[in-house]
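In full-length UniProt numbering, the protein residues as written are 1 to 146.
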């Protein structure tokens, strides 16, 4: 066996991808051992076959984990982000989710999520440079629903 240590500039892209895939696979195996079964979930908006915005995530353990929400710059401020978020939440409800979790480093985006019904459950000041990390949670089922 001949070991060869590599650092940033000399690591092949496929090897970097294998590392991230390995971590994800390991996490999924751990999760399945506890009854977890992640399913991807997404919603996009197209205009004449051009992507305007989208939101992606996964459902697992009765929770919607939102990964990304994006609206193309010319379309921002028109309520599309809110509609994408609400449509994904409705889809998650159909998949048996009872709440939704999102994280952001942008203070103004965190305030926007609060206006959308999310509550702050964790805050890490100066997480990365000038940005704070916000973790927000929203109950998806109306009060009294089970």
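Every residue gets a Cβ at the ideal spot worked out from N, C-alpha and C, and that includes glycine.
Counting only the same chain and skipping the five closest in sequence on each side, list residues whose C-beta sits under 6 angstroms from that of residue i.
i	result
residue 56	42, 67 and 68
residue 136	102, 113, 118 and 120
residue 93	140
Please return the same chain residues whose Cβ sits closer than 8 angstroms to the Cβ of residue i, not counting the five positions on each side in sequence.
i	result
residue 37	31 and 60
residue 39	58, 59, 60 and 95
residue 2	none
residue 51	44, 45 and 72
Leaving out the 5 sequence neighbours to the left and right, which residues in its chain are closer than 7 angstroms to residue i when beta-carbon positions are compared?
i	result
residue 20	none
residue 148	Outside the displayed span of the chain (1 to 146) sits residue 148, for which this structure offers no information.
residue 81	53, 69 and 71
residue 122	135
* Run through the UniProt domain "N-acetyltransferase" (1–142) for me and flag every whole alpha helix (DSSP H) of 4 or more residues, listed as ranges in chain order. => 13–32, 80–94 and 107–115
* Any contact of the region 18–37 with the region 73–80, i.e. 3+ C-beta pairs under 8 angstroms? -> no
* Asked: Are at least three pairs of beta-carbons, each pair with one atom in the region 57–64 and one in the region 87–96, less than 8 angstroms apart?
  -> yes
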